[in-house]
Amino acid sequence: MNPEVARETREKMLQDGYCVIPDILSQDFLRELRQESNRLNDTMEHHPDTKYQGTHLGIRYEDNEVMCRLAEWEPARQALEEIGFGDFVHAGSLIILTKEPFAPALYWHQDWMRWEDPLSCSPWPQTIFLSYYLEDTAIENGCFKVIPGTHLKRIPLHDQLVTAHEQGARFIEEDHPIMFSDHPDQVDLLTKAGALVLGDARVLHAARKNQTAERRNLLLLWHSRPETIPDYWDREIPPAVAERDPEATYSGSRIPGQYLQPKIID
Ligand SMILES: O=C(O)CCC(=O)C(=O)O
Ligand SMILES: [Fe+2]
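Residue numbering for the sequence shown follows numbering that gives the first Met the number 0, starting at 0 and increasing by one per position.
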């Protein structure tokens, strides 16, 4: 990646809460990942409560050589390094999120679990997902949807949502009028197989239903970085972050509170 593209990619991540880096996986590796994902989906028990998210298989790198290779995949590590995200490390496992043929949509949610911590308003990402869609995605097969900027800016939808995943949303009705709504600011992310999608855990996102007879496979790898100011950061630091006590313990919360305001505070 040339330095200009690297800078733009990071800027996109900072402003919008997501970005796409094309052509990270080779065709051969993609084929292998598809084959391995199919094998695991065909032999492992699918998560009983995750019809909206997909099959949701947790795979530890120490147990799976193919997935371990993905976690350490050099072109991805290099791309992260180039955009200044080289200090992100994986969590030891990935999640296979396969939408089976005709599987339902995924509800609106965000995945940050530390909303009581002032780090919640850091203008840089602390926890990100690396998502590899193993097929080209389109509206028909369940592409990702995102509302740009919502990682740092509260919108009315934040206060209308059922809390994500195990805290409620897994058990909603398929016709929930808000959780599966369209939003005027949403972006449908149509990705090419082999691209790497990065997302800030705080950004509001969802996925469309799979209306096709083929699987839509996603491998999602959570990554976090140390609780320090990133080397690339040369702008203002919000007071809540600058004055944060690193020794304090902050209780976990999936619900955005005082650290997510309608306007970005600086
Ligand atoms: O299916 C997708 O595209 C996104 C999955 C996701 O965001 C999640 O399971 O938390
Ligand atoms: Fe998510």
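Don't be surprised by glycine CBs; every beta carbon is placed ideally from N, CA and C.
Predicted, not measured: the structure shown is a model, and the values here were computed from it.
(message) With a threshold of 7 Å on Cβ separation, who are the neighbours of W123 within its own chain once the five nearest residues in sequence on each side are excluded?
(response) Taken in chain order, the residues that qualify are L13, P229, W232.
(message) Since Q159 and I177 should fall inside the 8 Å C-beta cutoff, what is the C-beta to C-beta distance between them, to a whole number of angstroms?
(response) The C-beta distance from Q159 to I177 rounds to 5 Å, short enough to meet the 8 Å contact threshold.
(request) Inspect the CB distances between the stretch 101-116 and the stretch 22-34 and report whether three or more fall short of 8 Å. (result) At 8 Å Cβ cutoff, the stretches do not touch.
(request) Tell whether a beta-carbon distance below 7 Å holds between I82 and R9. (result) Their beta carbons are under 7 Å apart, which means I82 touches R9 by this criterion.
(message) Which residue marks the beginning of the alpha helix (DSSP H) containing D15, and which one marks its end?
(response) Looking at the DSSP string, the run of the alpha helix (DSSP H) that includes D15 is 2-15.
(message) Can you find the residues in the same chain that come closer than 7 Å, C-beta to C-beta, to D265, ignoring five residues on each side of it along the sequence?
(response) Note that D265 scores 48 on pLDDT, short of 50, meaning its location in the model is unreliable; the coordinates nonetheless yield the value given after this. These residues qualify, in order along the chain: E235, P237.
(request) Take H150 as the anchor and find which of H204, A192, S223 has the nearest alpha-carbon. (result) Comparing Cα-Cα distances from H150 to each of H204, A192, S223, the minimum goes to H204.
(message) At the level of alpha carbons, what is the spacing between Q166 and E7?
(response) For the pair Q166 and E7, the Cα-to-Cα distance works out to about 36 Å.
(message) What does the alpha-carbon distance come out to for the pair F87 and T136?
(response) Roughly 26 Å between the two C-alpha positions.
(request) Give the secondary structure of Y258 by DSSP, where H, G and I count as helix, E and B as strand, and everything else as coil. (result) Note: Y258 maps to coil in three-state DSSP.
(message) Nearer than 6 Å: is that true of the beta carbon of A5 relative to any heavy atom of ligand 1?
(response) No, ligand 1 has no heavy atom inside 6 Å of this Cβ.
(request) Check the DSSP bridge columns for W221 and list the partner residues they point to. (result) The bridge partners DSSP lists for W221 are F128.
(message) If contacts are defined as beta-carbon pairs under 8 Å, then L195 and S36 qualify, I think. What distance do you get, rounded to the angstrom?
(response) The Cβ separation is near 16 Å, so there is no contact.
(request) Taking 8 Å as the threshold, find out whether the stretch 219-228 comes into contact with the stretch 113-130 through three or more Cβ pairs. (result) Result yes; three or more Cβ-Cβ pairs closer than 8 Å.
(message) Excluding the 5 residues flanking M43 on each side, which residues of the same chain have their C-beta closer than 7 Å to its C-beta?
(response) Excluding positions up to five away in sequence, the list reads L56.
(request) For Q52, count neighbouring Cβ atoms within 10 angstroms of its own Cβ and tell me buried if that reaches 16, exposed if not. (result) Looking at its Cβ environment, which holds 16 or more other Cβ atoms inside 10 Å, Q52 is buried.
(request) Please name the residue, chosen from E99, V186, P147, R169, that lies closest to R214 on a Cα-to-Cα basis. (result) With distances taken between Cα atoms, R214 lies closest to E99.
(message) Tell me the residue span of the beta strand (DSSP E) that contains L32.
(response) DSSP places L32 in no beta strand (DSSP E) but in the uninterrupted alpha helix (DSSP H) bounded by 26-42.
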